[in-house]
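In mature numbering (1 follows the signal peptide of the UniProt record, and there is no 0), the protein residues as written are -35 to -1, 1 to 383. Every residue gets a Cβ at the ideal spot worked out from N, C-alpha and C, and that includes glycine. Owing to the predicted nature of the structure, the values given are computational and were not obtained by experimental measurement. Written below as structure tokens is the structure these notes are about.
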């Protein structure tokens, strides 16, 4: 078999070949850039976790960027809905929002309608923003059309849905939530009829409101307020059944956030995102913060989102079920405390992990405050966090436009913006 060979007899021919090769490389590079930009525009931008693993977002996720601190907002106003200027203020700062349990209830009589109002308002001013409906899997808050009969009056008249409430193991009477200003009851996970009913209501809340997904409270791995520790394995299975059914019913393009569920293996596969709420002091210990940074990496490697929520300390009495009261001085406290808690987030931040900062769940609990640090250029992380001493509690991390130093033992931090 004769092999044909090509001979370059002149410098002109060689020059032409080199030029053609350069053009080929240029076109290939340009095509690759265009493809990557198309991916970004389609919501499929590719990021890398702190251990170098690729993270590819899903098309229905909110748009993510390291340009400034990625923010998540979660709030409600029991008395009203947002004013246009409030909608604009929040939309300028985030692409990812959940409405809280009682939003618009006193005005509209139904938190589903309160959520619907905000979904439409935010989508109008910022197409592509993701706004989620809130529903609790355990506490029977009576702020939606589904739960409106789960009140003492509804119980007294033996409304149909009251059969889904759980009895106290010692008294045999309905278990009551009496801590805090709002009175309510608890759902019985172990009632299969309740589980089916709950999935239908959660789905309807998303459908009627037009929400981009759902925030599900009380998805932590433990059971019912510690009253049924022997039932924990059954309750975990029940929660997983509910979440699997809801995920299937909602379809592939709706976001599900599980609150405090990152370490709940039973429901992990069915959630798209996990909130680390830090609702009590045990969640703020140096040991737990370190654990959570590793959990955030685990979540990111699974292609899921994290929300790292902190609340400023020193507030007065405040509750989403009655509105904000006794919060004198808390705005300045929140500004003074921000650097430490922002550092806690930045040390463990991964692609599609978000920071939430306020001092409560009411709209006025810090959600309309401008924090200049949160608007400063951040840039992507250059590395994973470093533990200065293997047995110590000082950590550092470098971003394109910020250097982070954090001591979780003394609770001090310094963020140097470049």
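Does the pairing of the region 42 to 58 with the region 67 to 77 give three or more beta-carbon distances under 8 Å? With contact defined as three or more Cβ pairs closer than 8 Å, the region 42 to 58 and the region 67 to 77 are in contact.
Note down the Cα distance separating residue 200 from residue 321, rounded to an integer number of angstroms. Looking up residue 200 in the chain shown gives position 235. Looking up residue 321 in the chain shown gives position 356. Whole-angstrom Cα-Cα distance: 29 Å.
For residue 39, three-class secondary structure by DSSP: Here residue 39 refers to the residue found at position 74 of the chain shown. Note: residue 39 maps to strand in three-state DSSP.
Residue 375 versus 251, 315 and 278, residue with shortest Cα-Cα distance: Against the chain shown, residue 375 aligns to sequence position 410. Checking every option, the nearest Cα to that of residue 375 belongs to 251.
Figure out for me which residue from 348, 304, 372 and 235 has the closest Cα to the Cα of residue 262. On the chain shown, position 297 is the one that residue 262 refers to. Selected option, being the one with the closest Cα: 348.
My understanding is that residue 171 touches residue 98, with C-beta atoms under 8 Å, so please give their C-beta distance in whole angstroms. Position 206 of the chain shown, counted from the first residue, corresponds to residue 171. Position 133 of the chain shown, counted from the first residue, corresponds to residue 98. 5 Å between Cβ atoms; contact.
Roughly how far, in whole angstroms, is the beta-carbon of residue 95 from the beta-carbon of residue 61, given that I think they are within contact range, below 8 Å? Within the chain shown, residue 95 is the residue found at index 130, counting from 1. Within the chain shown, residue 61 is the residue found at index 96, counting from 1. Between residue 61 and residue 95 the Cβ distance is about 5 Å, and since that is below 8 Å, they are a contact.
Touch check for the region 134 to 153 and the region 101 to 116: three-plus C-beta pairs under 8 Å? A contact exists between the region 134 to 153 and the region 101 to 116.
So for residue 274, helix, strand or coil by DSSP? As a first step, residue 274 is located in the chain shown; it is residue number 309 there, counting from the start. DSSP places residue 274 in strand when its eight states are reduced to three.
If you draw a straight line from the alpha carbon of residue 382 to that of residue 346, how long is it in whole angstroms? Along the chain shown, read from residue 1 onward, the residue named residue 382 stands at position 417. Along the chain shown, read from residue 1 onward, the residue named residue 346 stands at position 381. Residue 382 and residue 346: Cα-Cα distance of roughly 13 Å.
What is the DSSP secondary structure of residue 31, counted as helix, strand or coil? Residue mapping note: residue 31 aligns to position 66 of the chain shown, counting from 1. In the structure shown, residue 31 sits in coil (DSSP, three-state: anything other than H, G, I, E or B).
Straight-line CA distance for residue 233 to residue 227? Here residue 233 is taken as the residue at index 268 of the chain shown, counted from 1. Here residue 227 is taken as the residue at index 262 of the chain shown, counted from 1. Distance between residue 233 and residue 227, taken at the CA atoms: about 6 Å.
Taking the C-alpha atoms as reference points, what is the distance between residue 318 and residue 222? Taking the chain shown and counting its residues from 1, the one referred to as residue 318 is at position 353. Taking the chain shown and counting its residues from 1, the one referred to as residue 222 is at position 257. Taking the straight line from one Cα to the other gives about 12 Å.
Quick test of your reading: residue 220 and residue 238, contact by CB under 8 Å. State the CB separation rounded to the nearest angstrom. The count along the chain shown starts at 1 and reaches residue 220 at position 255. The count along the chain shown starts at 1 and reaches residue 238 at position 273. That pair is a contact at about 6 Å.
Measuring CA to CA, which of 331, 36 and 270 is closest to residue 278? Your numbering for residue 278 matches position 313 in the chain shown. Selected option, being the one with the closest Cα: 331.
Run the CB neighbour count on residue 79, radius 10 Å, all protein chains shown included, and call it buried at 16 or more, exposed below. To locate residue 79, count along the chain shown from 1; it is residue 114. That one is buried.
Through-space distance from residue 325 to residue 390, alpha-carbon basis: Nothing about residue 390 can be read from this structure; the chain reaches only from -35 to 383.
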